[in-house]
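Colleague:
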Amino acid sequence: MENTKVELKLENVSKSFAKIETDEVTHALTSVTTTMESGEFISLVGPSGCGKSTMLRLIAGLINPTTGKLTVNGEEIEKPAPDRGMMFQKATLFPWLTVKDNIAFSLKMQGKLKGNEDKVENMIKVIGLENFREDYPAQLSGGMAQRVALVRSLINEPPILLLDEPLGALDAFTRMNMQDEILKIWQEKQQLAVMVTHDVDEAIYMGTRVLVMDAHPGRVIADIPIDLPFPRDRGSREFVEYRIDILNKLHFAGKGAKE
Amino acid sequence: MANATDTKDLQNLTRKQLLELERKKKTKLQLWADLIIFFLPFLGGLVAVLEYKLIPDNSRNANPFVYEYFLYILMAAYAVYSVVSMITLNKGNRDMIDKQRYRAPLFTALFLLFAGYDYLTLKTGILTQPFVPCLNFIANAFWRERETILECTIHTLYLLFLGYFIGCILGLITGITCGYSKRCRYWVDPIIKFLGPIPTSTWIPIIMVVASSLFGGAVFIIALGSWFATTVASMTGIAHVDKDYFEAARTLGATNRQLVFQVAIPHAMPNIFAGLTQAMSSSCTAIMIAEMLGVKSGLGWYMNWSKSWAAYDSMFAALFVICIIFTVVTKSLEAVKRHMLRWQIGVEK
Numbered sequence: 001m002e003n004t005k006v007e008l009k010l011e012n013v014s015k016s017f018a019k020i021e022t023d024e025v026t027h028a029l030t031s032v033t034t035t036m037e038s039g040e041f042i043s044l045v046g047p048s049g050c051g052k053s054t055m056l057r058l059i060a061g062l063i064n065p066t067t068g069k070l071t072v073n074g075e076e077i078e079k080p081a082p083d084r085g086m087m088f089q090k091a092t093l094f095p096w097l098t099v100k101d102n103i104a105f106s107l108k109m110q111g112k113l114k115g116n117e118d119k120v121e122n123m124i125k126v127i128g129l130e131n132f133r134e135d136y137p138a139q140l141s142g143g144m145a146q147r148v149a150l151v152r153s154l155i156n157e158p159p160i161l162l163l164d165e166p167l168g169a170l171d172a173f174t175r176m177n178m179q180d181e182i183l184k185i186w187q188e189k190q191q192l193a194v195m196v197t198h199d200v201d202e203a204i205y206m207g208t209r210v211l212v213m214d215a216h217p218g219r220v221i222a223d224i225p226i227d228l229p230f231p232r233d234r235g236s237r238e239f240v241e242y243r244i245d246i247l248n249k250l251h252f253a254g255k256g257a258k259e
Numbered sequence: 260m261a262n263a264t265d266t267k268d269l270q271n272l273t274r275k276q277l278l279e280l281e282r283k284k285k286t287k288l289q290l291w292a293d294l295i296i297f298f299l300p301f302l303g304g305l306v307a308v309l310e311y312k313l314i315p316d317n318s319r320n321a322n323p324f325v326y327e328y329f330l331y332i333l334m335a336a337y338a339v340y341s342v343v344s345m346i347t348l349n350k351g352n353r354d355m356i357d358k359q360r361y362r363a364p365l366f367t368a369l370f371l372l373f374a375g376y377d378y379l380t381l382k383t384g385i386l387t388q389p390f391v392p393c394l395n396f397i398a399n400a401f402w403r404e405r406e407t408i409l410e411c412t413i414h415t416l417y418l419l420f421l422g423y424f425i426g427c428i429l430g431l432i433t434g435i436t437c438g439y440s441k442r443c444r445y446w447v448d449p450i451i452k453f454l455g456p457i458p459t460s461t462w463i464p465i466i467m468v469v470a471s472s473l474f475g476g477a478v479f480i481i482a483l484g485s486w487f488a489t490t491v492a493s494m495t496g497i498a499h500v501d502k503d504y505f506e507a508a509r510t511l512g513a514t515n516r517q518l519v520f521q522v523a524i525p526h527a528m529p530n531i532f533a534g535l536t537q538a539m540s541s542s543c544t545a546i547m548i549a550e551m552l553g554v555k556s557g558l559g560w561y562m563n564w565s566k567s568w569a570a571y572d573s574m575f576a577a578l579f580v581i582c583i584i585f586t587v588v589t590k591s592l593e594a595v596k597r598h599m600l601r602w603q604i605g606v607e608k
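For the protein sequence lines, the chains are A and B, in the order given.
Heads up: the first sequence begins at 1 in the working numbering, then just goes up one per residue.
Heads up: the second sequence begins at 260 in the working numbering, then just goes up one per residue.
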């Protein structure tokens, strides 16, 4: 599966939600058309309500579009599948399973656990939690839990990795460490990674392309390729220019910017 | 101890060694107090024996040695317990001896309670004989009636577990299905709302009229109570599974069936166990009422039957047996629960 090349296409995708109490309709995402390919790291960045999470959940297949079409290699996305691994903001580790069993969950669900125990062991090694193998999630710190959640979604070697603000709940230092860890895995496997974040720095630091999104209605307002070699320097002039550019597009630039 | 604090050793410190290291040193006085408290139950036992042997009886007493031996057996049991604790302490495990030290005052109080009860009944008759029989009478009755009591105990346990398991299994099935399927809840909810508030014992007179066998009727009543408790608990448990877990499981390739068995049910386990515990307590109540009112065997029946023969000593003996078996049953259920829910340690603060 490792070398599977994928092409993810969004054609005119819109998603609206009916509000529960009033008769109004929220337009979470309006007519997005874009193509993403293996080897890309796409950052979706924007203020809350811009539809970035909706877009990710559409790709995951957790929800279906109101209009438009999402396809992977020409095949329409209808429901979640293990070849589109997803990591959530909350680790959502199953509290009744040990670290090992959480990581093995996906293999077990597909009846592929037998003969693949070494894969699980390998994942435990990747995140350095050998001593916590038999522990339950309640005993883990936030950073450890997110690491387990990361490898849990990677165990199938999914050609598409979806990250829904995976580092949002972590402290600044754990967060920076995890950014590098995720990048390392992505560079090794060359999957297509799509990450939602509200942190512009994180979007630029990790992404090969940043889709800037805005709210009311939710839409993509810019598609910016980040042309910087990895590992990136958060303090470099180019980096800062990208940041100013993106913040400008979101009307958040500092004093002097007019629009 | 000072050597163990070397930084080199500190790296390989086990949890137990750490606790040992950080324990507050007890003063000499505290150590002596611990030692005395540890042996206090023997003193309590001695008081009970002396009270029994030295104070003259106020009323007739038969086979006086039975109660005396009973006290000796209890003291011997405590002695065995102490020896085992000390052996484990010698092997470096403090847990057992600490627990025994913690419980020692209670054991002492138990002996003193025996002495006090004996004083109020046999020695002074403040509690009138034979209506509140002295412990020696109860112990004698237990020994005399051991075969009948054993038979009744087996019958009670059989009835209890038969009804309990039937009720719980059906309750789990309805509860889980209803927790998961809205259509099923639509039909079952009214039944629960309507029948729920009625205590199961209300059914007993009706069952006595309608049922062809009282045994079957009793099973039905016990099962009904258990069914109700397990259904409600597992239904709430399943209906309140965090939807994030379902989403995570779906992206990991779980099928609908797997969502039920691998996510919803394990997640609802704490609720389910709460239901099982409640079912057990309702079953215990129901079985006693059933046996006292209709069923012609079992400990509840035996108590009632003894009463009608004015055999108050047998009645009390059966009461103690009931006490013991219900405690054992509840404790076993608790142990199963603790084992199954060990992942919860640290979840509940």
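Glycine residues also receive a C-beta, built at the ideal position from the N, C-alpha and C atoms.
1) Per DSSP, which residues does P225(A) bridge with? Please list them.
2) What are the uninterrupted segments assigned as alpha helix (DSSP H) that are 4 or more residues long and contained completely in the region 121–187 of chain A, given in chain order?
3) Please list the residues of the region 198–229 of chain A that have a C-beta atom closer than 7 Å to any C-beta atom in chain B, keeping them in chain order.
4) Which term fits G74(A), buried or exposed, when burial requires 16 or more other beta carbons within 10 angstroms of its beta carbon?
5) Below 9 Å between beta carbons is the criterion; list the residues of the region 525–536 of chain B that meet it against any residue of chain A, in chain order.
6) Of the residues that make up the region 579–603 of chain B, which ones have a beta carbon closer than 7 Å to any beta carbon in chain A?
7) Quick check on DSSP: helix, strand or coil for L418(B)?
8) With 16 other CB atoms within 10 Å as the buried threshold, where does K90(A) fall?
9) Just to make sure I have the definition right: I need the residues of chain B whose C-beta is within less than 7 Å of the C-beta of Q110(A). Which are they?
10) What span of residues does the beta strand (DSSP E) with Q84(A) cover, start to end?
11) Helix, strand or coil: how does DSSP classify T433(B) here?
12) Please state the DSSP three-state secondary structure of N12(A).
13) Verify the CB distance criterion: does D503(B) have a CB-CB separation below 8 Å to chain A?
14) Assign R219(A) to one of three DSSP states: helix, strand, or coil.
15) Rounded to whole angstroms, what's the CA-CA distance from Y311(B) to L379(B)? Just pull it up for me.
16) Determine, using beta carbons only, whether A507(B) comes closer than 8 Å to chain A.
17) For I314(B), which residues does DSSP report across the bridge?
18) Please decide whether G115(A) counts as near chain B, where near means a Cβ-Cβ distance under 8 Å.
19) Closer than 9 Å, Cβ to Cβ, to anything on chain B: give me those residues from the region 60–84 of chain A, in chain order.
20) In the structure shown, what three-state DSSP assignment does A570(B) receive?
21) What residues of chain B sit near S106(A), judged by a beta carbon separation below 7 Å?
22) Would you call the CB atoms of V588(B) and M539(B) closer than 8 Å?
23) Note down the Cα distance separating L418(B) from A570(B), rounded to an integer number of angstroms.
24) Look at the alpha carbon of F532(B) and the alpha carbon of K596(B), and state the distance between them as a whole number of angstroms.
25) Should I160(A) be listed as close to the ligand FAD, given that the test is whether its C-beta is under 7 Å from any heavy atom?
26) Answer yes or no: does any C-beta atom of chain B fall closer than 8 Å to that of L8(A)?
27) Short check: CB of H414(B) to CB of G557(B), under 8 Å?
28) Please list, in chain order, all residues of the same chain as K608(B) whose beta carbon is under 6 Å from its beta carbon, the five residues on each side excluded.
29) Closer than 8 Å, CB to CB, is W96(A) near chain B or not?
30) Along chain B, which residues have their Cβ under 9 Å away from the Cβ of Y242(A)?
31) Once the 5 residues before and after I385(B) are set aside, which same chain residues still bring their CB inside 7 Å of it?
32) DSSP state of S236(A), grouped into three classes?
33) Please report how far the alpha carbon of F105(A) lies from the alpha carbon of Q187(A), in whole angstroms.
34) From L371(B), T367(B), Y340(B), T586(B), pick the residue whose C-alpha is nearest to that of I356(B); which is it?
35) Excluding the 5 residues flanking D302(B) on each side, which residues of the same chain have their C-beta closer than 6 Å to its C-beta?
36) Which of the three DSSP states, helix, strand or coil, is assigned to I42(A)?
Modeller: Here's the rundown:
1) R209(A)
2) 142–154
3) none
4) exposed
5) P525, H526, M528
6) W602
7) helix
8) buried
9) G512
10) Here residue 84(A) turns out to be Arg, not Gln, going by the sequence shown. Note, R84(A): beta strand (DSSP E), 84–87.
11) helix
12) strand
13) yes
14) strand
15) 11 Å
16) yes
17) Beta-bridge pairing links I314(B) to no other residue.
18) no
19) A60, G61, L62, K79, P80, A81, P82, D83, R84
20) coil
21) L511, G512
22) yes
23) 25 Å
24) 7 Å
25) Summarising the ligand content, the structure contains no ligands, and the ligand FAD is consequently not present.
26) no
27) yes
28) Its pLDDT being 41, under 50, K608(B) is placed unreliably by the model, and nothing is read from it.
29) yes
30) Result: empty, since nearest Cβ-Cβ is about 31 Å, beyond 9 Å.
31) L379
32) coil
33) 25 Å
34) Y340(B)
35) The question names Asp, but residue 302(B) in the sequence shown is Leu. So no residue of the chain qualifies.
36) strand
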